[in-house]
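Asks:
In full-length UniProt numbering, the protein residues as written are 1 to 56.
As structure tokens, this is what we get:
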């Protein structure tokens, strides 16, 4: 497990009862999102980024 994954879990465990979901971008810090979700018993969602001005 990556150091950043461990850090995210350790930082959020103390406030676990207040954390229900995480909305993340597609950065590498959430590459082990399944482990974070399992450790915290939460859902993790990813943003679908678009280029402003190139919509529709």
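All C-beta atoms in this analysis are idealised placements derived from N, C-alpha and C, irrespective of residue type, glycine included.
Compare the beta carbon distance of residue 42 and residue 8 with 7 Å and say whether it is the shorter of the two.
Replies: no
Asks: For the beta strand (DSSP E) containing residue 22, name the first residue and the last one.
Replies: 21-24
Asks: Closest to residue 27 by CA distance: which of 12, 47, 14 is it?
Replies: 47
Asks: Can you tell which of 25, 17, 10 has its C-alpha closest to the C-alpha of residue 50?
Replies: 25
Asks: May I have the straight-line CA-CA distance separating residue 19 from residue 11, to the nearest angstrom?
Replies: 11 Å
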